[in-house]
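This report refers to the structure that appears directly beneath it.
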Amino acid sequence: MADNRDIRVTITSGTIARTIVVLLAVALLYMFRDLVVVLLTSIVVASAIEPFTKWFMRYRIPRVLAVILVYFVVLVVLFGLILLFVPPLLDDVLRLASTLPQEIEKSEILSEYLSGSFAAERIRDAIIETISLQELFSGAKNAISSVGGGVAATAGRLFGGALSFVLTIVFSFYFSVQERGIEEFLRLVVPSRHEAYAIDLWKRSQRKIGLWMQGQLLLGLLIGVFVYLGLTILGIKYALTLALLAAVMELIPIFGPILAAVPAVVIGFTQSTTLGLAVLALYIIIQQFENHLIYPLVVRKIVGVPPLVVIIALLVGAQLAGFLGIILSVPFAAALMEYVADVEKRKQAQVESAPV
Numbered sequence: 422m423a424d425n426r427d428i429r430v431t432i433t434s435g436t437i438a439r440t441i442v443v444l445l446a447v448a449l450l451y452m453f454r455d456l457v458v459v460l461l462t463s464i465v466v467a468s469a470i471e472p473f474t475k476w477f478m479r480y481r482i483p484r485v486l487a488v489i490l491v492y493f494v495v496l497v498v499l500f501g502l503i504l505l506f507v508p509p510l511l512d513d514v515l516r517l518a519s520t521l522p523q524e525i526e527k528s529e530i531l532s533e534y535l536s537g538s539f540a541a542e543r544i545r546d547a548i549i550e551t552i553s554l555q556e557l558f559s560g561a562k563n564a565i566s567s568v569g570g571g572v573a574a575t576a577g578r579l580f581g582g583a584l585s586f587v588l589t590i591v592f593s594f595y596f597s598v599q600e601r602g603i604e605e606f607l608r609l610v611v612p613s614r615h616e617a618y619a620i621d622l623w624k625r626s627q628r629k630i631g632l633w634m635q636g637q638l639l640l641g642l643l644i645g646v647f648v649y650l651g652l653t654i655l656g657i658k659y660a661l662t663l664a665l666l667a668a669v670m671e672l673i674p675i676f677g678p679i680l681a682a683v684p685a686v687v688i689g690f691t692q693s694t695t696l697g698l699a700v701l702a703l704y705i706i707i708q709q710f711e712n713h714l715i716y717p718l719v720v721r722k723i724v725g726v727p728p729l730v731v732i733i734a735l736l737v738g739a740q741l742a743g744f745l746g747i748i749l750s751v752p753f754a755a756a757l758m759e760y761v762a763d764v765e766k767r768k769q770a771q772v773e774s775a776p777v
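Here the sequence shown stands for residues 422 to 777, numbered as in the numbering used here.
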């Protein structure tokens, strides 16, 4: 005989209240997502410079002075890189914008491909229209030449505006100067019963975030050098510009290297079919070298995030916060994976302790 039992689901007022609070919290986070991105960026920056701060402190330098020294060195390096690379980079872009359409017309493979379909015709028209970008890049070059304004404008655009940039510097400086600044911030926003776990989770995640940022910078430097050497040996035009593009695009996992390879291959084919194929082979070799040797040693062991999670995190980050969201997606996916691992451990412990 079938066992007919009524199943009742009781929803208490407490459950309703918690649901409303969670929904309101999500809505507030979305409304103030720009400020949230600033805070998260500040946390990543503070985590990235923490090892350098501790290195200075080993020489009995007070923490405040150590943080100031780190920021000073970073700003001087950034200032120098912009002065050193941006003017020649814009010169290359200007020449490329003015000569690329003619070079494509001369290339048998590219001209044949770009006349083969409606979509290809649209691509060719878009490329030819890049000549009009010369005025834009000329203006940018003049802006960079006025050093202070160029550095401020570049940094401001990267961090989503002047106010966001200033707030990022202020918050990251505060988190860095206060040895337990981020822990104190967590105590303010996390309920007291979850406080100890949140701080422990943060300490584990902080190490991963800091090492990830350092690893990505090292990865970008190595790839930029390899690309520059390879393109220079092959005799490809605009080698410095393409190498800098490859280095910067390394900050975008998975998709970045592919996007960086496209203009290099196109420029190679404008010089000759053989060079185009050689550039394609060069990028494939560098990518394989990165995937199987550099990335596992520098990043994957540190972060430990599955590729599918990385892709999802990239898409969510891009949708919520644009370029900065892409940069922040992987380290915070790593923190999320730490939490998921803790949940799995608790479940496993409950299963093992359950009576048989």
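C-beta: ideal position from N, C-alpha, C; glycine also. A quick note: this is a predicted structure, and the numbers were derived from the prediction, not measured.
Check, Outcome
"Per DSSP, what kind of secondary structure is LEU672 in: helix, strand or coil?", "coil"
"For GLU765, name the three-state secondary structure that DSSP assigns.", "helix"
"Nearest-angstrom Cα distance between PHE744 and LEU736?", "11 angstroms"
"Can you give me the C-alpha to C-alpha distance between LEU638 and TYR492, rounded to a whole angstrom?", "16 angstroms"
"Nearest to SER597 by CA position, among ALA739, TYR760, LYS768 and ILE470, is which residue?", "ILE470"
"Quick check: what's the CA-CA separation for LEU584 versus VAL457?", "14 angstroms"
"What residue range does the alpha helix (DSSP H) around PHE647 cover?", "616-655"
"May I have the straight-line CA-CA distance separating PRO508 from PHE477, to the nearest angstrom?", "34 angstroms"
"Using a Cβ-Cβ cutoff of less than 7 angstroms, which residues in the same chain neighbour ALA573 once the five nearest sequence positions on both sides are dropped?", "Residue placement at ALA573 is poorly supported in this model, since its pLDDT is 48, which falls under 50; the coordinates are not used for a value here."
"Going by beta-carbon coordinates alone, are PRO674 and VAL761 separated by less than 8 angstroms?", "no"
"If you draw a straight line from the C-alpha of ALA754 to the C-alpha of ILE733, how long is it?", "9 angstroms"
"So LEU672 packs on ILE748, CB below 8 angstroms; how close in whole Å?", "6 angstroms"
"Taking only three categories from DSSP, how would you classify PRO408?", "Nothing can be reported for residue 408: it is not among the residues displayed for the chain, which extend from 422 to 777."
"Using the C-alpha atoms, what's the distance from GLN771 back to ALA619?", "21 angstroms"
"Start and end of the alpha helix (DSSP H) containing ILE707?", "694-710"
"Locate the alpha helix (DSSP H) running through LYS854, then write down its first and last residues.", "What the structure shows of the chain is the stretch from 422 to 777, and residue 854 is not part of that stretch, so it cannot be assessed."
"Going by beta-carbon coordinates alone, are ARG454 and ALA742 separated by less than 8 angstroms?", "yes"
"Which residue from VAL648, VAL683, PHE676 and LEU490 puts its Cα closest to that of ALA668?", "VAL648"
"If we count the other Cβ atoms within 10 Å of its Cβ and call it buried at 16 or more, is THR440 buried or exposed?", "exposed"
"As a quick exercise: from GLY697, LEU632, ILE503 and ALA756, pick the residue whose alpha carbon is nearest that of LEU655.", "GLY697"
"In this structure, how does DSSP classify ARG481 when only helix, strand and coil are distinguished?", "coil"
"At the level of alpha carbons, what is the spacing between LYS783 and LEU607?", "A query on residue 783 cannot be resolved here, the shown segment of the chain reaching from 422 to 777 and no further."
"Residue range of the alpha helix (DSSP H) that ARG608 falls in?", "602-610"
"Just confirm the distance between the C-beta atoms of THR589 and VAL459, as a whole number of angstroms; I'd bet it's less than 8 angstroms.", "5 angstroms"
"Just confirm the distance between the C-beta atoms of GLY631 and SER468, as a whole number of angstroms; I'd bet it's less than 8 angstroms.", "4 angstroms"
"Using CA coordinates, which residue listed in SER750, ARG601, GLU605 and GLN740 is at the minimum distance from MET634?", "SER750"
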